[in-house]
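Some notes on the structure that comes next.
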DNA sequence: CCGTACGACTAGATCGATTTAGTACCGCCA
DNA sequence: TGGCGGTACTAAATCGATCTAGTCGTACGG
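This is the structure:
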């Protein structure tokens, strides 16, 4: 091996017979070098397979060229939420297109979460963060403002937030599921909800209630759950134990719904004749269980991509000297999710096929 | 706001009435400052809520304090592999304990993957990487060696690799599943395998074949698949269409197994009387479908944690001046997975309960 | 009382890029 | 010929930390 150390901009400059500044100009496409020289410099750089050291560049330009994503989940349950993997994939897709990086943190509790944001901000590891799983009265908003760390939220929080948000009208999907059941003739419709302290848990519940109210009904029962299969199974068991069980259950998430199917099956409930079930998200498995799950198809990859785009735009504006955080007028709107009707829903008491 | 710029080490030094060097010494716990002064400096730093700028530090010490994880999956299928989320969580858990960061990349094809590793190495964004989904004759090993980027692989590749590996004897789990079926009296045992170009796909298949061979049998049929639910469904359909269908199917992954249950159900096959099914991984949903899935419980979080630990150790050794990559003697061995027997397996032709 | 060894600390170099301020040269016009 | 403007470049400052070489006392041994 000729040299063990990697080339620096100085090596390239020497090899090309110019100053380091010229190499920098050539690389970043700014005026100050002739086209001939620029081409020569780039050729030499390529031959030496030199790329600017990200650390040095980041330090000089005061930008990390990276965004952060802090996932607040107990490490045990994260695996079972297919939402995250696609969210991450979506964020990454956009971020890498800009030659940025994604820094990921998984935290288990609020203190750790707080500390992580502080570390990311103070060490300046990232230029901004994506905030997912927005909570009701989410303390992170204020915290991030105080830290001066730009952010983008998934869904616009109900409490004021100075950050742009990626918005999806998932109420529409939830209401479509309820309407579908109503159209089939169901009247005893129960809901297995997500935690009420999560904005999307609450929103989906409200959507169910609103659509039922529009038909002059109230939920037959609402069981609050936590989006896991285990909790979904418990919730369904609870509903089936009612003196007058529901004829249909609307779930706030697919894993809960699939677990619900399992419990019903185990109890000898005929599906979908005795019980209709709907989910939310349309995970891959949803179409492959029995009966295949009627659910609301969301595109969590698009969410991630949308959030990353909004964040990159926001940071570009700030790099351009605009100190504003963006706010509502920079919200990104995604197409609403749509209902996917499969075999897990049928008119109440329908005859077996 | 008093000052818009964040404090630097110079500000802290000024406030504490010492030089910048003293602050650095105090912070990093090295000799050169008295205990009294050290305490004062740390107090001042804390009051100013100063933490060293990661970019500057990284540049000076020539370390990124970050590890990379490049996931090679089509963005569409990543969501459906619960393995990744826990793997990531496990890596993150260890990495954050060392105040490092995890940089994540998702790539869709080989070229992009190559380019990503090159970028990570040349820009020096990370100090090392975790290589998952090791492929047969994996080209990444040589590539990483050429790039001088330290790595740790998940499982020891069959082809020589200079990097440490995290090892789990998952053959044991697979063989246990087969033995369980043999003990129940099954003889027509089929296997829905992962892709043969993935080391763990191939390994699991070999394990099935080996255990059957030990009983003087061969697989009733082997269908190669790709770990997705859709492929699992197709595979099971194919097996059920055989003139003489198997009485039991061993799957290389849970999503495939769950989809297999769905297909069997839809065809009116009685489970588990007419068909026993096993999975691999024990995802949360596995215990909540009907019948609950007999599967092999793996701990992918431990995998991630083990890989991260091995990588951090490797990098620490290198920082200590040891240029070696580690190799086999630094492999981390994890406890073997164990079989979880649930309701999806029974003696062939068992009477319905 | 001198030499020196050590502890405590400072000044300045350094990492590898970008960026600013300046210089050299050429062409052109009056 | 001199001045002006623009292009093509260079030299040096800069980002914020760490690390090295050196300074200044003070204590200690002979």
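Residue numbers (the UniProt record's numbering), protein chains in the order written: chain A, 1 to 353; chain B, 1 to 353.
No residue lacks a Cβ here, since even glycine has one placed at the ideal position from N, Cα and C.
Taken in chain order, the unbroken stretches of beta strand (DSSP E) that lie wholly in the segment 73 to 128 of chain B and span 3 residues or more are 101 to 107.
Taking 8 Å as the threshold, the shortest C-beta distance from residue 174/A to chain B does not fall below it. With a contact defined as Cβ atoms closer than 8 Å, residue 289/B and residue 249/B miss out at about 15 Å. In this structure, the straight-line span from the alpha carbon of residue 149/B to that of residue 128/B is close to 6 Å. Residue pairing by DSSP places residue 41/A in no beta bridge whatsoever. Interface flag for residue 311/B against chain A is unset, since no Cβ pair is found closer than 8 Å. By the rule that beta-carbons nearer than 8 Å mark a contact, residue 251/B does not touch chain A. Between residue 88/A and residue 304/A, the CB-CB gap stays under 8 Å. Assigned with DSSP and collapsed to three states, residue 167/B falls in strand. Where residue 143/A is concerned, the enclosing alpha helix (DSSP H) starts and stops at 139 to 147. A distance below 7 Å between beta-carbons, with the five flanking residues on each side excluded, links residue 224/A to the following residues of its chain, in chain order: 193, 195, 196. At a cut-off of 8 Å between beta carbons, residue 113/B makes no contact with chain A.
Under the Cβ criterion (8 Å, minimum of three pairs), the segment 173 to 188 of chain B counts as touching the segment 208 to 226 of chain B. Remark: C-beta atoms of residue 53/B and residue 118/A do not approach each other more closely than 8 Å. About 6 Å separates the CB atoms of residue 84/A and residue 71/A; that is less than 8 Å, so the two are in contact. Closest in alpha carbon position to residue 201/A, among 239/A, 157/A, 165/A, 242/A, is 157/A.
If you check the CB distance, residue 178/B and residue 208/B come in under 8 Å. Residue 155/A has a beta carbon lying at 8 Å or more from every beta carbon in chain B.
Non-local C-beta neighbours of residue 50/B in its own chain, meaning closer than 6 Å and more than five positions away in sequence, comprise 7, 12, ordered along the chain.
Every unbroken stretch of the alpha helix (DSSP H) spanning 4 or more residues and falling wholly within the segment 247 to 329 of chain B is given here in chain order: 254 to 266, 300 to 319. Within chain B, the residues whose beta carbon sits less than 7 Å from that of residue 59/A are 55, 56, 59, listed in sequence order. The way I'd put it, the segment 250 to 267 of chain A doesn't touch the segment 300 to 315 of chain A; fewer than three beta-carbon pairs between them come closer than 8 Å. Taking 8 Å as the upper bound on Cβ-Cβ separation, chain B lies near no residue of the segment 184 to 210 of chain A. Within the same chain, and ignoring the five residues on either side of residue 343/B in sequence, the residues whose Cβ sits closer than 6 Å to its Cβ are 291, 292. Counting along the chain, no beta strand (DSSP E) covers residue 346/A, and no H or E run does either.
Residues of chain A whose Cβ lies closer than 9 Å to the Cβ of residue 255/B are, in chain order, 284, 285, 288. For residue 69/B, the closest alpha carbon among the candidates 340/A, 319/A, 105/A, 15/A is that of 105/A. Using beta-carbon distances, residue 122/A counts as an interface residue toward chain B, with a partner under 8 Å. Taking the beta carbon of residue 106/A as reference, the chain B residues within 8 Å of it are 88, 89, 92, 93, 96, listed in sequence order.
What residue 125/B touches in chain A, judged by beta-carbon distance under 7 Å, is 54, 101, going in chain order. Under the three-pair Cβ rule at 8 Å, the segment 279 to 287 of chain A counts as touching the segment 225 to 234 of chain B. In terms of CA proximity to residue 294/A, 251/A leads the group 251/A, 321/A, 42/A. For residue 84/B, the chain A residues whose C-beta falls within less than 7 Å of its own C-beta are 85, listed in chain order. Contact check for residue 247/A against residue 348/A passes: the beta carbons are separated by less than 8 Å.
Listed along chain A are 265, 289, 290, 291, each with a C-beta nearer than 9 Å to that of residue 265/B. Between residue 45/A and residue 27/A, the CB-CB gap stays under 8 Å.
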